[in-house]
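Engineer: My questions all concern the structure below.
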């Protein structure tokens, strides 16, 4: 029997607020208790946890949350002795890599037939199910730009202009799903050689690579940097709160990623894990995703939001998740060998 883990209420609060890995205390696995690994934003996870507990108060959830790259690395390290029962909100490119290694149990959750086919595993029964998607964008501080005499970029190519040197931050694709969706989109749109040439030139203008997909937009909103390569929903939230930013959808197109859920091979509590997976695509939870994501697995539930660019949905590229999953480790390794020197400390 695999060990499971408990979080005290205080540590839970820290985990949700800071989004950090934390210290876990061993406990005995038992029915009515699940360990769930998650890679969604901390504020979104806190609300999701409340929704699940309200619906299923008899199932205790021990949450563990971090960014996509860090959580993926942890799960790969635990592959032969998995510590989690369920993974929730992990990027599809990471999910496909892990599924190829036999890390997920087959299970088609109730209601899966209502989802956009792009959000379902093609295997029957499904090994994973998509929940919602998020896309790339640029957050641009208009006040700082005016003070510095910087023009508003309209394309990815514009970011190579030397005028932006030291004014751009973007996520590290080794630790951030948002960072990887940008890199993978450039490779798919430009071709590998041209994309690496683009990133070499972009690197000259980058001030720092962050380990969070939201942080570059938050930095732009705060005026720490003028340009943040991030994602549009975070920008819309910050702008709604008064941040002096524009959310720019580059003209060449934008990458996007799908967040998914699956049951881990080796779970000691299959029945509750299946209940959890059913819940992840229930009407109530899909409505919640629609309030917090670019697109959801049932497109008819997508909602218009203040300051969210209409151009996002039409600019999303035809993303080859399977091909990018196969290449992900090599892409990340190459990226780190070239650009890691400007990554912020973990």
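Residue numbers (the working numbering): 23 to 368. From the three backbone atoms N, C-alpha and C, an ideal C-beta is built for every residue, glycine too.
#1: With H, G and I counted as helix, E and B as strand and the rest as coil, what does DSSP make of residue 353?
#2: Which class does residue 210 belong to by DSSP, given the choice of helix, strand or coil?
#3: From the DSSP output, read off the bridge partner residues of residue 192.
#4: Would you call the segment 202 to 220 and the segment 120 to 131 touching, i.e. three or more CB-CB distances under 8 angstroms?
#5: Under a three-way DSSP split, which group does residue 364 fall into?
#6: Around the Cβ of residue 49, are there at least 16 other Cβ atoms within 10 angstroms (buried) or fewer (exposed)?
#7: Starting from the Cα of residue 363, find the closest Cα among 229, 293, 334, 279 and give me that residue.
#8: In angstroms, rounded to a whole number, what distance separates the CA positions of residue 351 and residue 360?
#9: DSSP state of residue 123, grouped into three classes?
#10: Under a Cβ-count criterion, where at least 16 other Cβ atoms within 10 Å of its own Cβ denotes burial, should residue 238 be classed as buried or exposed?
#11: Going by the beta-carbon positions, is the gap between residue 177 and residue 316 smaller than 8 angstroms?
#12: Are the segment 264 to 279 and the segment 71 to 86 touching by the rule of at least three beta carbon pairs closer than 8 angstroms?
#13: With H, G and I counted as helix, E and B as strand and the rest as coil, what does DSSP make of residue 165?
#14: When burial is assigned at 16 or more other CB atoms within 10 Å of the CB, is residue 353 buried or exposed?
#15: Expressed to the nearest angstrom, what Euclidean distance is found between the alpha-carbon atoms of residue 154 and residue 141?
#16: Below 8 angstroms on the Cβ atoms is my contact criterion, and I expect residue 191 with residue 247 to pass it. Report the Cβ-Cβ distance as a whole number of Å.
Structural biologist: Let me lay it out:
#1: helix
#2: helix
#3: 231
#4: no
#5: helix
#6: Only weak support is given to the placement of residue 49: the predicted model assigns it a pLDDT of 37, under 50, and the value that follows is read from those uncertain coordinates. Flag for residue 49 reads exposed.
#7: 229
#8: 14 angstroms
#9: coil
#10: buried
#11: no
#12: no
#13: helix
#14: buried
#15: 8 angstroms
#16: 5 angstroms
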